[in-house]
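Protein chains in written order, with the working numbering: chain G, 1 to 249; chain R, 1 to 272. All C-beta atoms, glycine included, are put in the ideal place defined by N, C-alpha and C. Keep in mind that this is a model prediction, so the values were computed, not measured.
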C-alpha cells in the first residue's frame, strides 16, 4: 500500500528524520511536537523528549495537544520547575536538539516571533519569545521548521527575537551551533560553512528550484549538487496519521 | 489570620487598583476563578505579570483590567493567537496595553531574583536579540570572576501573586504537584500571596515532586474546587481543550467577547 502525502507531511517527516536515537530533544507545540514523537515511534525510540513545561524524558502515550498535557508529567522520568528547566537543563547546554518555528526568518537564520511592523505600533502582535531565544543560543543544534513563503522568508526580519548567525552571518556569540537545518515545505536549507548564508541543499520530491526561489524574499543560494529528499515511507505516513488522530500508541 | 477565607474577601483585601499582579501556573493550575473575581470586582490599571498570558489574561485584557503586561509567550497554547491581547496592542481596544516581553528564561529568572529579594538575575541569553532594547528590564553585566559578559534581568516583585493548588491543610499550608511551573518563585517574590485550592485535607499525602508552601508565606487561602478550569488540576480535572479551541472563535470578535463576558457576569465596567 502506498499512502498519499502532502507538503506538510513531507516537512514533518523530513524533520523527524533529523533526530537521532539518544538525542535529547527540546520539543515545542505544533510541528516540532509531531516530528519528535514521529521520530520516537519510528527510527529513534531512544530519543529523549524534554518539554519546557518541566517534563524530562516524557513518553506521551498519545500526541500531546499542548506542552502542559497531564500525560507529559505522568510519563516523565523527572518533572522540574520552569526556572530549573531553563537554568540547569536548557541554559547549561544539556539539550542536543532544539526545534524552533518562525514568523519571519532571514538569510542568516535570525528569527522573529515578536511583531510584524514597528515594535511599539505593530501591524501584528505575535506570541513572542517563549523559550526560543535560549534554545537558539544554547541547544547543541537547532532545527527550524517553517513554511517557505515571501511572508516568512524575508530580506530583513522586523525584529530579532532569536539569533541565528547575526546581521551579516558573523556575529553569533553563543554556546550552541545555531540553526544547522531549516526544514520547509519546499525542502531543506543549511548554512553555508564559510558564510552562514542559508543555502538550499535539498528539495522535497516534486519541488523545483524555481518554486523555492519564488517562495524566498532574497536571492536564494542553491547548492551545486542539490539532493532530493526521499519520499515518506508507508511506516512514516501511517505513524504520522495515528499521531494526528491522537491514537494511544 | 483565619483561613480559609472566601475568594471575594481575599481579592477585595489584597488586590488593589494599580497593583502589579501575577497569576501563575504554567499551562497547569491556572487560577481562572481568582482572575474572574478580580474582574468582577472591577479592578483597574493593573500591571499583569505572567510567563504565558494564556486565555486567562486574554480575558482580563479584554475586560479592561490591565494597563501593562509583562510576559514571555502570549499565544493560545496549541491553538493560535490571543485575540484580545492582540486587539489591545494593535488597536488599543478597550485601551492601549503596554507590553514588556521577556524570554521564558528571562522572566523565570526575574521571579527567582524577586523571590531572593535580589535586584537582578544573571543568565546566558538575549545577546544579539532586539529584546535587549528594553533596557529598563534587560541589560548586561560582566562576571567579576571570569570577565564573561552575561544578560541581567531586573527582578520582578509583584504586589500580589495568585496561584491555584490541589490541597491545603487545616493550618493553611498549601501543596501542589504535577507541572509546578514557576509558582514557588512567583509566590515568594510577591508582597502578598493568595492561593485557591481544590480541597482541604487533614494531612498531606506523600507526593513525589510536590511543592509545599508554608502558611506563613501566604496571606490567604480559599477553597475553590475547579478554580483552574478550563486549565486543569492534576488528580482533579483534565484540561478542557474544547474551551481553548472555542476561545479562538469567541475572542476573535469584540461583540462575541462582550456577550461572553455578560453571560458570565464579567462585564467590563465603563472605561475611565
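(request) List in chain order: all unbroken alpha helix (DSSP H) runs of 4+ residues lying wholly within the region 162-249 of chain R. (result) 183-189
(message) Below 8 angstroms on the Cβ atoms is my contact criterion, and I expect residue 33 of chain R with residue 190 of chain R to pass it. Report the Cβ-Cβ distance as a whole number of Å.
(response) One-based indexing of the second chain puts residue 33 of chain R at position 33. One-based indexing of the second chain puts residue 190 of chain R at position 190. Not quite, the Cβ-Cβ distance comes to about 19 angstroms (not below 8 angstroms), so this is no contact.
(message) Considering only their Cβ atoms, is the gap separating residue 196 of chain G from residue 165 of chain G smaller than 8 angstroms?
(response) Translated into positions along the first chain, residue 165 of chain G becomes position 165. Translated into positions along the first chain, residue 196 of chain G becomes position 196. Yes, these two residues count as a Cβ contact at 8 angstroms.
(message) Here's the rule: buried if 16 or more other CB atoms are within 10 angstroms of the residue's CB, otherwise exposed. What is residue 6 of chain G?
(response) Position 6 of the first chain, counted from the start, is the residue given in the question as residue 6 of chain G. Residue 6 of chain G is exposed by the Cβ-count criterion.
(message) Once the 5 residues before and after residue 180 of chain R are set aside, which same chain residues still bring their CB inside 7 angstroms of it?
(response) Position 180 of the second chain holds residue 180 of chain R. Around residue 180 of chain R, the same chain offers 211 as residues with beta carbons nearer than 7 angstroms, after the five sequence neighbours per side are excluded.
(request) Verify whether the separation of the beta carbon atoms of residue 74 of chain R and residue 53 of chain R is less than 8 angstroms. (result) Mapped onto the second chain, residue 74 of chain R falls at position 74. Mapped onto the second chain, residue 53 of chain R falls at position 53. Result yes, Cβ atoms of residue 74 of chain R and residue 53 of chain R sit closer than 8 angstroms.
(request) Please compile the residues from chain G whose C-beta is within a distance smaller than 8 angstroms of the C-beta of residue 130 of chain R. (result) Position 130 of the second chain, counted from the first residue, corresponds to residue 130 of chain R. The answer, in chain order, is 114, 119, 159, 160 and 161.
(request) Return yes when the Cβ of residue 115 of chain R is within less than 8 angstroms of the Cβ of residue 153 of chain R, no when it is not. (result) Residue mapping note: residue 153 of chain R aligns to position 153 of the second chain, counting from 1. Residue mapping note: residue 115 of chain R aligns to position 115 of the second chain, counting from 1. No, Cβ-Cβ distance for residue 153 of chain R and residue 115 of chain R is not below 8 angstroms.
(message) Between the alpha carbons of residue 169 of chain R and residue 25 of chain R, how many angstroms are there, rounded?
(response) Along the second chain, read from residue 1 onward, the residue named residue 169 of chain R stands at position 169. Along the second chain, read from residue 1 onward, the residue named residue 25 of chain R stands at position 25. Straight-line Cα distance between these residues: approximately 20 angstroms.
(request) Note down, in chain order, each residue of its chain lying with its Cβ closer than 7 angstroms to the Cβ of residue 12 of chain R, except the 5 sequence neighbours on either side. (result) Position 12 of the second chain, counted from the start, is the residue given in the question as residue 12 of chain R. Once the five neighbours on either side are set aside, the close Cβ partners of residue 12 of chain R are 41.
(request) Decide if the region 196-208 of chain R is in contact with the region 86-102 of chain G; the criterion is three or more beta carbon pairs, one per stretch, under 8 angstroms apart. (result) no
(request) Would you list the residues sitting across from residue 31 of chain R in a DSSP beta bridge? (result) As a first step, residue 31 of chain R is located in the second chain; it is residue number 31 there, counting from the start. Paired residues: none, contrary to the question.
(message) Looking at the secondary structure, which residues open and close the alpha helix (DSSP H) in which residue 59 of chain R lies?
(response) Against the second chain, residue 59 of chain R aligns to sequence position 59. Run containing residue 59 of chain R: 54-62, per the alpha helix (DSSP H) assignment.
(request) Excluding the 5 residues preceding and the 5 following residue 18 of chain G in the sequence, name in chain order all residues of the same chain whose CB lies nearer than 7 angstroms to its CB. (result) Within the first chain, the letter at position 18 stands for residue 18 of chain G. Correct list, in chain order: 143 and 181.
(request) For chain R, find out if any of its Cβ atoms is closer than 8 angstroms to the Cβ of residue 70 of chain G; answer yes or no. (result) On the first chain, position 70 is the one that residue 70 of chain G refers to. So, interface residue.
(message) In this structure, how does DSSP classify residue 253 of chain R when only helix, strand and coil are distinguished?
(response) Here residue 253 of chain R is taken as the residue at index 253 of the second chain, counted from 1. In the structure shown, residue 253 of chain R falls within a coil segment according to DSSP collapsed to helix, strand and coil.
(message) By alpha-carbon positions, which one of R:63, R:4, R:77 and R:45 ends up nearest to residue 262 of chain R?
(response) Counting from one through the second chain, the residue named residue 262 of chain R turns up at place 262. Closest by alpha carbon: R:63.
(request) Answer with yes or no whether the minimum CB distance from residue 137 of chain G to chain R is below 8 angstroms. (result) Walking along the first chain from the start, residue 137 of chain G turns up at place 137. For residue 137 of chain G, the nearest beta carbon of chain R is closer than 8 angstroms to its own beta carbon.
(request) Would you list the residues sitting across from residue 96 of chain R in a DSSP beta bridge? (result) Within the second chain, the letter at position 96 stands for residue 96 of chain R. None; residue 96 of chain R has no bridge partner.
(request) Have a look at G:218, G:189, G:248 and G:249 and flag the residue whose alpha-carbon is nearest the alpha-carbon of residue 274 of chain G. (result) The first residue shown for chain G is 1 and the last is 249, placing residue 274 of chain G beyond what the model contains.
(request) Using only alpha-carbon positions, find the residue among G:33, G:162, G:168 and G:194 that is nearest to residue 179 of chain G. (result) Position 179 of the first chain holds residue 179 of chain G. It is G:162.
(message) Between which two residues does the alpha helix (DSSP H) holding residue 8 of chain R run?
(response) Within the second chain, numbered from 1, the residue matching residue 8 of chain R stands at position 8. Start and end: 7-14.
(message) Would residue 57 of chain G and residue 77 of chain G qualify as a contact pair, given that the criterion is a beta-carbon distance under 8 angstroms?
(response) Counted from its first residue, the first chain places residue 57 of chain G at position 57. Counted from its first residue, the first chain places residue 77 of chain G at position 77. Yes, these two residues count as a Cβ contact at 8 angstroms.
(request) Please list the partners that residue 175 of chain R has in chain G, where partner means a Cβ-to-Cβ separation under 7 angstroms. (result) To locate residue 175 of chain R, count along the second chain from 1; it is residue 175. Under the 7 angstroms cutoff, chain G gives no residues; its nearest Cβ is about 15 angstroms from residue 175 of chain R.
(request) Step through the CB atoms of chain R and report whether any lies within less than 8 angstroms of the CB of residue 243 of chain G. (result) Taking the first chain and counting its residues from 1, one reaches residue 243 of chain G at position 243. Residue 243 of chain G does not count as touching chain R.
(message) Using only the alpha-carbon positions, how far apart do residue 1 of chain R and residue 218 of chain R sit?
(response) Counting from 1 along the second chain, the entry for residue 1 of chain R is found at position 1. Counting from 1 along the second chain, the entry for residue 218 of chain R is found at position 218. Residue placement at residue 1 of chain R cannot be trusted, given a pLDDT of 48 that sits under 50; the coordinates are not used to answer.
(request) Examine chain G for any beta-carbon lying closer than 8 angstroms to the beta-carbon of residue 104 of chain R, and answer yes or no. (result) Here residue 104 of chain R is taken as the residue at index 104 of the second chain, counted from 1. It does: the Cβ of residue 104 of chain R has a partner Cβ on chain G nearer than 8 angstroms.
(request) Kindly indicate which three-state DSSP category residue 22 of chain R falls into: helix, strand or coil? (result) Locating residue 22 of chain R in the second chain gives position 22, counting from the first residue. Looking at residue 22 of chain R - three-state DSSP - the assignment turns out to be strand.
(message) Which residues does DSSP list as the beta-bridge partners of residue 153 of chain G?
(response) The residue you call residue 153 of chain G lines up with position 153 of the first chain. DSSP output for residue 153 of chain G lists G:105 as bridge partner(s).
(request) Note down, in chain order, all residues in the region 157-191 of chain G with a beta-carbon under 8 angstroms from any beta-carbon belonging to chain R. (result) 159, 160, 161, 162, 163, 166, 171, 172, 173, 174 and 175
(message) Which residue marks the beginning of the alpha helix (DSSP H) containing residue 74 of chain R, and which one marks its end?
(response) Locating residue 74 of chain R in the second chain gives position 74, counting from the first residue. Per DSSP, residue 74 of chain R lies in no alpha helix (DSSP H) segment and is marked neither H nor E.
(request) Please say whether residue 222 of chain G and residue 239 of chain G have beta carbons closer to each other than 8 angstroms? (result) Reading the first chain from its first residue, position 239 is the one you call residue 239 of chain G. Reading the first chain from its first residue, position 222 is the one you call residue 222 of chain G. Not a contact, by the Cβ cut-off of 8 angstroms.
(request) Return yes when the Cβ of residue 175 of chain R is within less than 8 angstroms of the Cβ of residue 186 of chain R, no when it is not. (result) As a first step, residue 186 of chain R is located in the second chain; it is residue number 186 there, counting from the start. As a first step, residue 175 of chain R is located in the second chain; it is residue number 175 there, counting from the start. No, these two residues do not count as a Cβ contact at 8 angstroms.
(message) DSSP three-state label for residue 103 of chain R, please.
(response) Translated into the one-based positions of the second chain, residue 103 of chain R becomes position 103. Three-state result, residue 103 of chain R: coil.
(request) Answer with buried or exposed for residue 250 of chain G, where buried requires no fewer than 16 other C-beta atoms within 10 angstroms of its C-beta. (result) No information on residue 250 of chain G is available, as it lies outside the stretch 1 to 249 that chain G covers here.
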